[in-house]
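Student:
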Amino acid sequence: MNPQELKSILSSGLLSFPLTDFNAQGDFHREGYIKRLEWLAPYGASALFAAGGTGEFFSLAASEYSQVIKTAVDTCANSVPILAGVGGSTRQAIEYAQEAERLGAKGLLLLPHYLTEASQDGVAAHVEAVCKSVKIGVIVYNRNVCRLTAPLLERLAERCPNLIGYKDGLGDIELMVSIRRRLGDRFSYLGGLPTAEVYAAAYKALGVPVYSSAVFNFIPKTAMDFYHAVAREDHATVGKIIDDFFLPYLDIRNRKAGYAVSIVKAGATISGYTAGPVRTPLTDLLPEEYEALAALIDKQGPQ
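Following this line, the structure appears as structure tokens:
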């Protein structure tokens, strides 16, 4: 799949980031991961991102990363495109990118670089180096320490033909509008704020109709129903699902830092597809939070 074909796929539909399965000892659980992917693939997501933020990329050893990507690519070869999360320092990100390409990933999501602060030009150089290290399509994720401006993204677009997507995890509407207006159809644009459904209608109005859904991991039918309601501007359905599920869900998610991943793992366990515990420095939900989430999920009906 060439970068432009990937861009076309990513320009519509719902995206998601499968959890990475760990066993009770905290090791990668390949069989559980296969079961998860086989369950999620038929629900109609346009693409799945293996080893993304929800997939705890930050906690994976290099050897585990290879296992995760290979398992995802092999399992979904005939069902849904797999993109791989990559990140860390420039040299680390290049190693991950080239490994993902070797294993058959259709594209990459370039997560923010590591802790160190950096100038805009430095971040742009980092993105350019990763793009030029592979031939497959790359999506850059503006979030946290990565805050590329419209002029820099335009420069990167000129220098890197395989940079085909922009994912926004900042929520800066002025910046998002400036990027969308300046770059036009050069990129596919993805909404990437935590629990993106809450912002989906607003981002659609900005010209960003595609987003990644974490809750797809445990209520895939509801996630798809919500996406289609946003797409057809069914405001009544959108409002009902936000009121009945997403707002109380956010109340649980926002209780501790890192719960954006922990709550999804808890949801998967409640839905019968446990992915095991989160890895430190994340922490799992408390029992009472788990029970509150279970009640919310039960209200959504069969998936």
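Residue numbers (my numbering): 386 to 688. For every residue, glycine included, the Cβ atom is placed at its ideal position computed from N, Cα and C.
From what residue to what residue does the beta strand (DSSP E) around S598 run?
Tutor: 595-598 is the extent of the beta strand (DSSP E) around S598.
Student: Locate the alpha helix (DSSP H) running through F611, then write down its first and last residues.
Tutor: 605-616 is the extent of the alpha helix (DSSP H) around F611.
Student: Can we count A409 as close to the ligand ZN, meaning its CB is less than 7 Å from some heavy atom?
Tutor: Because no ligand of any kind appears in the structure shown, any question about the ligand ZN cannot be addressed here.
Student: Rounded to the nearest angstrom, how far is the Cβ of G556 from that of Y574, given a contact under 8 Å?
Tutor: No, G556 and Y574 are not in contact; Cβ-Cβ is about 14 Å, not under 8 Å.
Student: With DSSP as the reference, label F631 as helix, strand or coil.
Tutor: Note: F631 maps to helix in three-state DSSP.
Student: Rounded to whole angstroms, what is the Cα-Cα separation between G522 and L548?
Tutor: One C-alpha to the other measures close to 6 Å.
Student: What residue range does the alpha helix (DSSP H) around G652 cover?
Tutor: Looking at the DSSP string, the run of the alpha helix (DSSP H) that includes G652 is 644-655.
Student: Is the stretch 422-440 touching the stretch 464-476, taking contact as three or more C-beta pairs under 8 Å?
Tutor: Touching, yes, given that three or more Cβ pairs across the two stretches are closer than 8 Å.
Student: In this structure, how does DSSP classify R664 when only helix, strand and coil are distinguished?
Tutor: Residue state, collapsed to three classes: coil.
Student: Which one of C545, L670, F611 has the shortest CA to CA distance from Q389?
Tutor: With distances taken between Cα atoms, Q389 lies closest to C545.
Student: Between the alpha carbons of T659 and A478, how many angstroms are there, rounded?
Tutor: Roughly 29 Å separates the two Cα atoms.
Student: Provide the residue span of the alpha helix (DSSP H) that contains A526, from first to last.
Tutor: Note on identity: in this sequence residue 526 is Tyr, with Ala being the wrong assignment. Segment 522-527 is the beta strand (DSSP E) holding Y526; no alpha helix (DSSP H) there.
Student: Are there 16 or more other CB atoms within 10 angstroms of the CB of P605, so buried, or fewer, so exposed?
Tutor: Counting Cβ neighbours within 10 Å, P605 comes out buried, since at least 16 surround it.
Student: Over the uninterrupted beta strand (DSSP E) stretch that includes V471, give me the two end residues.
Tutor: From DSSP, the beta strand (DSSP E) with V471 extends over 467-471.
Student: Quick check: the Cα distance between D669 and F407, rounded to an integer number of angstroms?
Tutor: Taking the straight line joining both Cα atoms gives about 13 Å.
Student: In angstroms with no decimal places, state the Cα-to-Cα distance between P497 and A514.
Tutor: So the alpha carbons of these two residues sit roughly 14 Å apart.
Student: Buried or exposed for L500, please, with buried defined as at least 16 other CB atoms from any protein chain shown within 10 angstroms of its CB.
Tutor: Classification for L500: exposed.
Student: The beta strand (DSSP E) that contains G398, what's its start and end?
Tutor: Note, G398: premise wrong, no beta strand (DSSP E); not H, not E.
Student: What is the C-beta distance between K552 and Y526, in whole angstroms, given that I count them as a contact (C-beta under 8 Å)?
Tutor: Right, their Cβ atoms sit about 5 Å apart.
Student: Take every Cβ of the stretch 665-684, pair it with every Cβ of the stretch 414-427, and state whether three or more of those distances are shorter than 8 Å.
Tutor: Result no; under three Cβ-Cβ pairs closer than 8 Å.
Student: Output the boundary residues of the beta strand (DSSP E) element that contains A435.
Tutor: 432-435 is the extent of the beta strand (DSSP E) around A435.
Student: Are at least three pairs of beta-carbons, each pair with one atom in the stretch 627-638 and one in the stretch 575-591, less than 8 Å apart?
Tutor: The stretch 627-638 is in contact with the stretch 575-591.
Student: Here's a check: name, in chain order, each residue in its chain whose Cβ is nearer than 7 Å to the Cβ of G554, leaving out the five neighbours to either side.
Tutor: So the qualifying residues of the chain are Y526, N527, R528, G577, L578.
Student: Secondary structure at K684, three-state DSSP: helix, strand or coil?
Tutor: If DSSP states are grouped into helix, strand and coil, K684 belongs with the helices.
Student: Taking DSSP as the reference, what is the three-state secondary structure of L671?
Tutor: Three-state result, L671: coil.
Student: In the DSSP assignment, find the unbroken alpha helix (DSSP H) run with D553 in it and report its ends.
Tutor: Counting along the chain, D553 falls outside any alpha helix (DSSP H), though it belongs to the beta strand (DSSP E) covering 548-553.
Student: Can you tell me whether G411 is buried or exposed, with buried defined as 16 or more other CB within 10 angstroms of its CB?
Tutor: With fewer than 16 other Cβ atoms within 10 Å, it is exposed.
Student: Please classify G657 as buried or exposed, where buried requires at least 16 neighbouring CB atoms within 10 angstroms.
Tutor: Under this definition G657 is an exposed residue.
Student: Could you check which residue in Q685, I627, A642 has the C-alpha nearest to that of I655?
Tutor: Residue Q685 is the option with its Cα nearest to I655.
Student: Could you work out which residue in N639, A590, L395, I637 is closest to R617 when comparing CA atoms only?
Tutor: If we check each option's Cα against that of R617, A590 comes out closest.
Student: Looking at C-alpha atoms only, which residue of A608, P466, K517, G624 is the closest neighbour of E380?
Tutor: The question about residue 380 has no answer, for the chain in this structure spans 386 to 688.
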